[in-house]
Structures are given as C-alpha cells and as structure tokens.
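Below is one structure, written out as structure tokens; comments come after it.
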Amino acid sequence: MTRQILLGALPLAALFASVPASALTDSEGRAIAACRADMLSRFEPGQVRSYRVGEIAGTSRSTRVTLYVNADRRYTFACAADGQGQVVTASIDPARGAGRQLAAGAR
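With positions in the sequence shown counted from 1, the corresponding number in our numbering is that position plus 563.
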C-alpha cells in the first residue's frame with residue numbers, strides 16, 4: 564500500500580521539484596494554468612505527449628509564458644495572460660491548422 568502511494572506520487576513530485584512553490588506568484592500560477600489550457604485546446608485529446616514550462620516573464624500588466632510541447636513534432640507555445648489569468652495573446656510555432664493563430668480571445 565505504501566509503495567503504491569509513493570509510486571503514484573513520483574510524477575507529481577517531479578513536476579514540483581523543478582520549481583519551488585514559493586517561487587511562483589499567484590498571477591504567474593494563473594498565467595501558467597491559462598496558457599496550459601489554451602495550448603491543450605489546440606491539440607486533439609491525447610496528442611500532446613509532454614510539455615514543459617520554458618520561461619516565465621512578467622510585467623505589471625501581463626505574464627508571458629513559453630511552453631515547449633512534444634506532440635507529432637516539437638512546438639513552441641508563447642502566451643501572455645493578464646493578472647486575472649485570462650489569455651491575452653497566444654501563438655504556436657510552427658503554426659498548426661489553416662492559419663497562424665495569434666490571439667486566443669475568450670475561450
């Protein structure tokens with residue numbers, strides 16, 4: 564039983580080991596969550612094999628997040644979210660679909 568709990572907690576521990584919880588502000592946490600949701604919405608369910616946060620940079624108006632995504636190929640997803648965690652702009656490189664998607668709008 565204890566072994567199952569420990570093995571189940573390993574992926575979660577690895578996620579938090581790279582960034583101490585105290586290092587993120589509330590607005591950065593909201594921005595990461597919003598950008599992650601926006602990024603995942605651009606792929607079919609199960610298509611994203613892995614992703615990681617590459618960079619977090621912020622100003623008083625918005626927080627910019629760069630995610631590196633592995634799916635059918637490697638993508639760079641750049642996103643900016645305001646203080647409430649609403650996506651303001653987002654782009655994915657290389658572009659997916661018919662045209663380059665620059666703004667997320669209200670999703």
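Built from N, CA and C at the ideal position, the CB exists for glycine as well.
Grouping DSSP H, G and I as helix and E and B as strand, with all else coil, what is R627?
As a first step, residue 627 is located in the sequence shown; it is residue number 64 there, counting from the start. Looking at R627 - three-state DSSP - the assignment turns out to be strand.
Look up D645 in the DSSP assignment and say whether it is helix, strand or coil.
As a position in the sequence shown, residue 645 is number 82, starting the count at 1. Of the three classes helix, strand and coil, the one that applies to D645 here is strand, per DSSP.
Using only CA atoms, which one of G648, L630, G646 lies nearest to V611?
Counting from one through the sequence shown, the residue named residue 611 turns up at place 48. Ranking the options by Cα distance to V611, first place goes to L630.
Limits of the unbroken alpha helix (DSSP H) element including R615:
Taking the first residue of the sequence shown as position 1, residue 615 is located at position 52. Counting along the chain, no alpha helix (DSSP H) covers R615; the unbroken beta strand (DSSP E) around it starts and ends at 613-621.
Compute the distance between the beta-carbons of S625 and D645, then report whether it is under 7 angstroms.
Numbered from its first residue, the sequence shown carries residue 625 at position 62. Numbered from its first residue, the sequence shown carries residue 645 at position 82. Contact annotation: S625 and D645 have beta-carbon atoms nearer than 7 angstroms.
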